[in-house]
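The structure under discussion appears below in the form of structure tokens.
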Amino acid sequence: MDAPRANLPPLSLHVPEPKFRPGDEADFSDVDVPPAGSARRPDSAEPAANFHELAYTLIRVLDDAGQAVGPWNPRLDAQALRKMLRSMAMVRAFDERMFRAQRQGKTSFYMKSTGEEAIAVAATMALAADDMCFPSYRQQGILITRGYPLVTMMNQIYSNKGDPLQGRQLPIMYSAKDHGFFSISGNLATQYPQAVGWAMASAAKGDTRIAATWCGEGSTAEGDFHSALTFATVYRAPVILNVVNNQWAISSFSGFAGAEATTFAARAVGYGIAGLRVDGNDALAVYAATQWAAERARTNQGPTLIEHFTYRAEGHSTSDDPTAYRSAGEPNAWPLGDPVRRLKEHLIALGEWDEERHAAQDLELAEEVKRAQKEAEKNGILGHGMHQPFETMFEGVFEEMPWHLKEQSEQMIAERKAAGI
Amino acid sequence: MDAPRANLPPLSLHVPEPKFRPGDEADFSDVDVPPAGSARRPDSAEPAANFHELAYTLIRVLDDAGQAVGPWNPRLDAQALRKMLRSMAMVRAFDERMFRAQRQGKTSFYMKSTGEEAIAVAATMALAADDMCFPSYRQQGILITRGYPLVTMMNQIYSNKGDPLQGRQLPIMYSAKDHGFFSISGNLATQYPQAVGWAMASAAKGDTRIAATWCGEGSTAEGDFHSALTFATVYRAPVILNVVNNQWAISSFSGFAGAEATTFAARAVGYGIAGLRVDGNDALAVYAATQWAAERARTNQGPTLIEHFTYRAEGHSTSDDPTAYRSAGEPNAWPLGDPVRRLKEHLIALGEWDEERHAAQDLELAEEVKRAQKEAEKNGILGHGMHQPFETMFEGVFEEMPWHLKEQSEQMIAERKAAGI
Amino acid sequence: MSGDDEAGATVRMNMIQAINSAMDVMMARDPDVVVMGEDVGYFGGVFRATAGLQAKFGKTRVFDTPITEIGIIGVAIGMGAYGLRPVPEIQFADYIYPALDQLVSEAARLRYRSAADFTAPITVRSPYGGGIFGGQTHSQSPEGIFTHVSGIKTVIPSTPYDAKGLLISAIEDNDPVLFLEPKRIYNGPFDGHYDRPSKNWSAHPAGEVPEGHYRVELGKAATVRSGEALTILCYGTMVHVVSNTIEELGIDAEIIDLRTLVPLDIEAIETSVKKTGRCMIVHEATRTGGFGAELSALVQERCFYHLEAPIERVTGFDTPYPHSLEWAYFPGPVRITEALKKLLKD
Amino acid sequence: MSGDDEAGATVRMNMIQAINSAMDVMMARDPDVVVMGEDVGYFGGVFRATAGLQAKFGKTRVFDTPITEIGIIGVAIGMGAYGLRPVPEIQFADYIYPALDQLVSEAARLRYRSAADFTAPITVRSPYGGGIFGGQTHSQSPEGIFTHVSGIKTVIPSTPYDAKGLLISAIEDNDPVLFLEPKRIYNGPFDGHYDRPSKNWSAHPAGEVPEGHYRVELGKAATVRSGEALTILCYGTMVHVVSNTIEELGIDAEIIDLRTLVPLDIEAIETSVKKTGRCMIVHEATRTGGFGAELSALVQERCFYHLEAPIERVTGFDTPYPHSLEWAYFPGPVRITEALKKLLKD
Ligand SMILES: Cc1ncc(C[n+]2csc(CCOP(=O)(O)OP(=O)(O)O)c2C)c(N)n1
Ligand SMILES: Cc1ncc(C[n+]2csc(CCOP(=O)(O)OP(=O)(O)O)c2C)c(N)n1
Ligand SMILES: [Mg+2]
Ligand SMILES: [Mg+2]
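Chains as they are written, first to last, in the numbering used here: chain A, 3 to 423; chain B, 3 to 423; chain C, 86 to 431; chain D, 86 to 431.
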């Protein structure tokens with residue numbers, strides 16, 4: 003290496019650093035939170051170039067007093083709001099229980115979506131029941147909102163005899179085509195171009211169904227994200243591209259995905275795609291943005307990217323302890339609050355809900371989850387013998403089993419027999 | 003597949019289509035060409051968010067009368083301008099000759115850069131001699147500007163005994179570390195993250211050298227492009243990211259890379275990176291933008307993406323016949339003209355050049371190229387026996403040759419001997 | 086072989102035309118078949134394999150794509166999940182690597198991980214192999230990477246007839262298929278002598294191709310020549326190089342064209358090697374960890390007591406494909422001849 | 086093995102600590118060594134392999150990266166071209182596929198295609214293999230894909246001592262090295278009995294590791310146990326599973342821990358198999374086209390006349406890694422025992 007030229011200042015490498023580390027007091031007062039209702043709502047047919055500013059603000063509907071305000075207010079009736087609240091609370095109850103099940107050794111792995119319940123639940127409510135979702139691992143809210151049986155989810159988590167995926171997948175990597183829920187992959191962001199492809203197919207066929215996909219802000223760095231946005235803009239695919247910016251990717255803060263320089267909604271601007279930045283803890287804002295994007299997609303105006311600004315309130319997964327790398331005070335200091343609480347307060351402000359009913363519902367949901375768990379455990383828990391028959395391991399690699407898998411299957415059975423197990 | 007819901011209009015797939023196909027008359031009157039001198043020139047230390055508009059305009063210096071105007075005028079002295087012109091004309095002469103050599107069967111492949119000479123030549127002149135370039139296959143102008151021997155380039159093209167790459171690479175896939183020219187890859191866009199990595203290393207070491215990289219607009223769709231921009235923005239890497247938008251990627255027009263929805267410079271906006279859109283046929287604009295970006299990089303302000311708007315005046319390569327897919331009239335109808343002619347006219351307008359000198363220079367350059375070709379052909383042409391010794395095939399896979407390559411090498415020699423060849 | 090009423094009259098085709106015809110036939114029969122890839126639309130592909138298809142079937146069924154192999158395969162998987170039957174082209178097999186994650190972690194795993202809730206019935210076509218002075222990045226034979234991956238089939242034709250019949254079977258197959266096309270023999274069977282005039286398919290019996298629909302079953306090898314002296318396992322371009330060399334040397338070899346690598350026709354291999362007692366494997370891909378290694382392992386596991394000499398592998402060397410030394414690299418007649426001498430010496 | 090004055094005192098380390106120590110030692114010796122990857126910085130890696138390094142060497146030498154494996158490898162190559170010696174981590178080997186093009190078309194080819202004008206002296210670390218209930222995408226063993234690629238070395242340690250010495254050699258090597266870490270044995274040697282209490286490295290002689298600098302040479306296998314009855318070729322976790330099974334069965338096997346797959350220690354293999362006349366190959370990766378196929382092919386090519394029985398492969402099955410049936414999938418004691426019976430039966 004040559005010595006630096008004396009007449010020029012040396013270069014230096016910028017390595018991002020989050021504001022708070024363990025031991026620091028978390029202070030989010032510099033986070034810019036625009037007032038609810040302040041973002042304009044363009045017509046869903048407007049060209050994306052006309053509303054770049056929506057990629058740099060926060061679309062918010064629920065104000066601090068629990069009122070729904072401004073042009074993005076979806077004006078849902080109380081029944082819909084209560085269903086939304088119930089689904090979100092159910093996600094939380096489910097997460098709590100399954101997290102505990104993992105800690106009790108009943109399965110190998112679990113991932114909560116605490117603090118992010120609005121993003122999956124409200125979006126799902128704004129979609130048609132037959133629109134196809136390509137989620138990441140943190141949108142269990144889609145299944146719950148669409149009424150997928152809790153017991154079946156748990157069977158998958160336990161990899162037991164009742165698991166529709168035959169114990170083949172890591173817990174929470176659900177697949178439920180009849181509920182419009184694509185098979186979750188362990189590899190980040192691969193679902194993004196797949197969602198775009200599904201949407202392109204739907205468009206090519208003159209169908210009316212659209213696709214929606216989700217990935218974390220950390221996952222936006224993958225090449226798949228870029229391919230997806232490129233295909234989406236080129237063919238004006240009827241797809242909603244959700245980026246869940248919960249500010250953490252395991253131990254890496256969002257600065258390592260580029261958050262220091264701009265928003266994630268701004269990525270859309272780079273492709274000429276409609277981009278919205280939404281308060282992800284405001285269920286009504288999530289609903290409204292999704293509804294707008296769905297309308298845009300369904301009228302052949304093409305894709306929308308929605309950044310949901312939120313906060314991962316708990317660890318990345320059961321394998322993670324977030325206090326090792328971030329301030330323990332962050333979850334509470336986080337200014338956009340708890341999505342369940344905010345929606346609850348809105349319903350209360352509307353006179354359509356009260357604390358007692360909420361507490362009763364929480365109890366009821368906990369009971370429902372517990373009942374489902376008992377039911378699921380009848381089918382077995384991981385590693386306790388009540389798994390799928392061994393031969394199933396060789397099925398489904400291909401539609402028809404080729405000779406080499408048949409041989410391997412027979413070999414396995416023979417070997418186990420010979421060994422007396 | 004379900005039938006489309008009757009109450010919703012059917013979706014349809016948008017598949018881009020270029021404006022002209024063979025037989026059509028090319029008419030570019032709808033291409034927006036802002037007047038030279040109209041784009042503002044921010045301070046190179048200004049935050050990228052302050053000049054988004056520069057990603058959507060065209061930075062132009064040379065006006066229709068051959069005058070250099072506006073804030074981006076780099077005010078080069080006549081000597082520098084003449085060197086620039088000479089290098090560009092040399093690239094063209096070299097391309098002509100080597101294209102013909104391929105047609106004469108002297109090698110397997112060649113790629114011209116006709117119409118794009120300014121992009122490589124002017125940028126190189128704006129860089130320091132020891133800045134590292136990570137080019138695509140259409141920046142032979144870098145080597146020529148930096149004085150790399152024509153004979154050596156030709157030796158590479160002929161894969162002959164004098165080829166520094168020992169006949170291992172496809173023609174034009176040069177490598178010349180001592181001229182700050184990274185080994186060209188056949189795989190598109192892979193050089194993009196590599197350039198960012200080199201720049202990051204330079205920054206980490208407190209060096210003063212920066213990196214520059216080039217790829218075609220078609221190649222921006224690759225995942226590597228996105229990884230590169232993500233790393234570049236995160237670590238504020240001292241790198242210049244050039245996108246050569248020559249509007250064609252083999253037979254695919256730029257709409258298949260996303261040009262219908264926005265510019266390629268706009269990609270920068272999506273990452274919060276400085277983005278400039280430049281008249282790529284205006285050598286002074288290319289120089290000025292590169293100089294600005296280099297200053298930005300050298301003062302730790304981070305990366306700049308420059309879209310060079312140009313036109314691929316000839317076929318993709320010797321394997322391609324563009325009249326099969328685009329209007330034969332396009333190259334002439336193209337409104338930004340010929341970069342060599344435009345720079346020549348500027349020098350003439352300055353009183354620093356004239357048509358006679360230009361014609362004489364063209365002759366002289368053609369002679370120089372011809373002389374170099376004769377020299378190179380002494381070392382052999384492809385497929386005519388004067389190649390590297392056979393054993394060299396096994397060298398350089400690893401620093402030290404492992405046993406299996408030694409065995410294979412010995413085997414080859416023994417087999418050829420046994421066969422009497 | 087054909088076994089199909091709809092095969093129709095036969096005409097002369099080269100391999101490109103046969104491949105084109107397979108897509109043409111399938112697009113006409115099945116509205117869910119779509120063709121996509123870099124330059125495959127208006128232009129009809131850099132090797133012209135998709136010529137005329139866009140004009141015939143329209144832009145929503147035959148379209149150019151952005152240059153992102155991740156996207157091409159990822160989008161095809163999504164289309165497959167919707168219910169289409171995409172036939173994406175990767176322009177050169179050397180450019181399949183950017184898409185590897187979508188192929189391996191997604192296409193190949195989707196049926197298994199979702200217990201058949203979703204599948205990826207895609208056929209990835211890609212020209213592969215050397216012999217055209219394409220340099221390191223237009224010459225590779227990556228089949229050995231994919232044959233190691235559970236959940237994807239790998240098919241390699243050696244004649245126009247097989248190319249069409251196999252491609253139709255691949256498109257109709259409900260699993261992802263990698264369909265590698267030996268570009269050196271697109272226009273004619275290559276005998277391995279690069280310095281002799283090239284032949285075209287017009288004189289070859291398998292250049293006679295039905296115009297309509299027929300299948301060549303996946304997973305079935307073809308015995309190109311019956312013989313007693315040894316068994317030669319090969320596929321793609323090498324089938325012709327081997328056949329010609331054997332003919333020139335007058336050796337009574339049994340030549341097996343594998344046609345499908347996964348699933349493999351193990352029965353054909355086993356039967357032949359047990360008969361001949363000797364086995365040679367020929368492929369163009371690099372040697373270490375190539376598909377020849379698997380073939381060698383299988384043969385010795387299954388025919389151990391029948392083998393009279395070590396199994397010989399004749400393969401590309403373990404180097405990148407060197408541009409100027411292409412013909413020294415290529416496992417051609419010289420190398421096959423020497424290997425035969427060794428294998429037959431006692 | 087060490088042959089180095091700077092090895093210093095030995096201490097007890099598990100494999101993670103040994104790997105951490107290798108990077109620590111190399112970073113202290115060579116200012117050009119940098120460590121990068123997802124979560125490797127402040128947090129020290131999801132397996133803690135890089136714990137403490139950022140605090141010690143600073144953020145410009147140890148840093149977290151965006152989640153793009155293309156970028157991690159591409160950037161590392163660029164840094165290598167500058168003159169650094171990057172040690173990128175891919176969080177799980179299952180996530181190496183997105184980076185395959187940068188590894189295969191770039192890192193592995195750079196020296197060759199540029200005639201050594203540029204090189205890629207990078208060491209890609211990645212935890213691999215199953216046995217931790219990681220499901221299909223945290224359990225794979227992709228070494229067979231890379232051993233087929235010319236220009237990249239593949240190294241797999243089986244003990245803390247070797248892990249450190251090999252990693253140091255890999256970092257010092259001027260070619261790209263894929264360094265696969267058998268995550269199942271990070272904390273202790275696994276005997277293959279998942280239902281017995283797990284052991285740690287404290288009782289194992291190779292858990293005794295010098296604190297300083299020493300090398301274990303790349304390309305050299307280790308004979309874990311000398312024997313006469315047969316030769317067993319293995320690496321990574323399988324070394325311990327095999328050793329334990331052999332001990333339990335009381336078989337006089339010669340066990341060879343390959344340690345480096347490319348370049349392979351062919352001499353050690355050949356000498357051993359010629360002595361024992363029988364050979365078994367054990368790996369966790371899927372069978373078809375796995376590295377075992379290459380080993381089998383090489384052994385039969387070189388030891389044909391010494392072999393008394395067919396070479397046996399004991400490998401992962403040709404399916405994705407099934408979450409709940411992990412222990413039926415894993416090539417553990419049961420399967421090794423049955424294969425031994427077959428191999429030794431006459
Ligand atoms: C291709 C790939 N690389 C790395 C990983 C390991 N990994 C799993 S989750 C994760 C973090 C993802 O963060 P983000 O996208 O922000 O989603 P979040 O967990 O916050 O919902 C990483 C690095 C992976 N699963 N796949
Ligand atoms: C990974 C990869 N995919 C595909 C190709 C084949 N290919 C070579 S050049 C080219 C077009 C590139 O167009 P563009 O980026 O616009 O550059 P230009 O040729 O116009 O300079 C294609 C598709 C390749 N070389 N590498
Ligand atoms: Mg996140
Ligand atoms: Mg182009």
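All C-beta atoms in this analysis are idealised placements derived from N, C-alpha and C, irrespective of residue type, glycine included.
Computed from a prediction, not measured in an experiment: that's the story for all the values here.
CB contact below 7 Å: residue i versus chain B
i	result
N259(D)	yes
M86(D)	Residue placement at M86(D) cannot be trusted, given a pLDDT of 45 that sits under 50; the coordinates are not used to answer.
L60(A)	no
R140(A)	no
T153(D)	yes
Y127(C)	yes
A62(C)	The shown model of chain C, from 86 to 431, leaves out residue 62(C), and the question about it has no answer.
P6(A)	With a pLDDT of 49 at P6(A), under the threshold of 50, the predicted position of this residue should be treated as unreliable, and no value is reported.
T316(C)	no
Residue i at chain D interface by Cβ criterion, 7 Å
i	result
F233(B)	yes
A291(C)	no
V245(A)	no
Y197(C)	yes
Beta-ladder partner(s) of residue i, from DSSP
i	result
K72(C)	Absent from the model: residue 72(C). The displayed extent of chain C is 86 to 431, so no value can be given.
V147(C)	V120(C)
H310(A)	V246(A) and V280(A)
Supposed contact pair residue j and residue i - C-beta distance, whole angstroms, cut 8 Å
i	j	result
G225(B)	I155(D)	5 Å
I350(B)	G68(B)	7 Å
M164(C)	G199(A)	4 Å
T232(D)	E379(D)	7 Å
A270(A)	G277(A)	3 Å
T192(B)	Q187(D)	6 Å
M100(D)	A248(D)	5 Å
Q363(B)	K163(B)	At roughly 32 Å, the Cβ-Cβ gap does not stay under 8 Å, so Q363(B) and K163(B) are not in contact.
Beta carbon proximity, residue i to chain A, threshold 7 Å
i	result
S409(D)	yes
D247(C)	no
Y176(B)	no
CB contact below 7 Å: residue i versus chain C
i	result
K238(D)	no
When you compare the stretch 74 to 89 of chain B with the stretch 297 to 313 of chain A, are there three or more beta-carbon pairs, one atom per stretch, that lie closer than 8 Å? They do not touch, by the three-pair rule.
Would the stretch 257 to 271 of chain D and the stretch 193 to 213 of chain D be scored as touching if the rule is three or more Cβ pairs under 8 Å? Judged by pairs of C-beta atoms under 8 Å, the stretch 257 to 271 of chain D touches the stretch 193 to 213 of chain D, as three or more such pairs exist.
Evaluate the contact criterion for the stretch 327 to 340 of chain B versus the stretch 30 to 41 of chain B: three or more CB pairs, one atom per stretch, below 8 Å. They touch, by the three-pair rule.
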